[in-house]
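Chemist: Okay, handing you the structure first.
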């Protein structure tokens, strides 16, 4: 799935799976909005 340049909204991003998900999206070029 191509996510570079797209925006991802990640909830629970302060730790755990949410944080890992946010980092993975960012590493693949997505714009990431974090919520906790």
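Residue numbers (the numbering used here): 4 to 39. Quick reminder that beta carbons are idealized off the backbone N, C-alpha and C, glycines included.
Could you pull the start and end residues of the beta strand (DSSP E) that residue 11 belongs to?
Modeler: Indexing the chain shown from 1 puts residue 11 at position 8. Element bounds for residue 11: 10 to 14.
Chemist: What would DSSP say about residue 36, mapped onto helix, strand or coil?
Modeler: Numbered from its first residue, the chain shown carries residue 36 at position 33. Residue 36: strand per DSSP, three-state reduction.
Chemist: Going by beta carbon distance, what residues of the same chain come within less than 7 Å of residue 39, once the five residues before and after it are set aside?
Modeler: For the purposes of this step, residue 39 is identified with residue 36 of the chain shown, where counting begins at 1. Here the set comprises 15, 16, 17.
Chemist: What does the alpha-carbon distance come out to for the pair residue 23 and residue 29?
Modeler: The count along the chain shown starts at 1 and reaches residue 23 at position 20. The count along the chain shown starts at 1 and reaches residue 29 at position 26. If I take the Cα positions, the gap works out to 10 Å.
Chemist: Taking the straight line between their C-alpha atoms, what separation do you get for residue 10 and residue 19?
Modeler: Your numbering for residue 10 matches position 7 in the chain shown. Your numbering for residue 19 matches position 16 in the chain shown. Their Cα atoms are separated by approximately 20 Å.
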